[in-house]
């Protein structure tokens, strides 16, 4: 018996993908929502890095921790997520995260539909390179709002 094989819609090799810098944290795009209907990014955040509570209006998100321990900020307080932990964040869920470890935390960020999430990360990468002193908090909030993310 033979089985027809369908060509893959996309393949990102280990170590491959579009590299972005989001406020000093590395993000590598592993799947593009325009091609797959899902954004997947590998996020590597240094010690002390964090994203304050915020809400994505249109994207459901999932985090999958690969290395280290991620502190998740949610409505029920703080939770620690170690390797192998999955964090599910339906659209409209207020959340944040940070790295309280002494080493980097590496995790996958998946967002559906994810187009706005990816474009926001690309915007932060471009804006960060154009502003050597860094973006101001009002500039960050304004960029987030352009992509359906409200801070606070």
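Numbering (UniProt numbering), first residue to last: 1 to 152.
The beta carbon of each residue, even a glycine, is placed where N, CA and C say it ideally should be.
Can the beta-carbon of residue 91 be found less than 7 Å from the beta-carbon of residue 56? Their beta carbons are under 7 Å apart, which means residue 91 touches residue 56 by this criterion.
Is it right to say residue 133 is buried, meaning 16 or more other beta carbons lie within 10 angstroms of its own, or is it exposed? exposed
Residue 17 versus residue 59: straight-line alpha-carbon distance, rounded: 21 Å
Under three-state DSSP, which class holds residue 19? strand
So what's residue 1 in DSSP terms, helix, strand or just coil? Low per-residue confidence applies at residue 1: pLDDT is 49, beneath 50, and the placement is therefore not dependable enough to give any value.
Do three or more CB pairs link the stretch 25-42 to the stretch 108-123 at distances below 8 Å? yes
Which residue wins for smallest C-alpha separation from residue 86, given the options 99, 109 and 76? Of the listed residues, the one whose Cα sits closest to residue 86 is 109.
Taking the CB atoms as reference points, tell me whether residue 69 and residue 84 lie closer together than 7 Å. no
Please state whether DSSP places residue 57 in a helix, a strand or coil. coil
If you scan the UniProt domain "Cupin type-2" (44-109) from start to end, which runs of the beta strand (DSSP E) of 3 or more residues do you find wholly inside it? 50-56, 60-67, 70-74, 77-81, 86-89 and 95-98
Alpha carbon of residue 1 to alpha carbon of residue 11, nearest angstrom: Here residue 1 scores only 49 on pLDDT, less than 50, and its place in the model is too uncertain to base an answer on.
Residue from 126, 75, 105 and 20 whose Cα sits closest to the Cα of residue 63: 105
Curious, which full-length beta strand (DSSP E) runs of at least 3 residues does the stretch 105-137 contain? 105-112
Determine the extent of the beta strand (DSSP E) in which residue 25 is found, giving its start and end residues. Start and end: 25-31.
Hey, how far is the Cα of residue 74 from the Cα of residue 61? 13 Å
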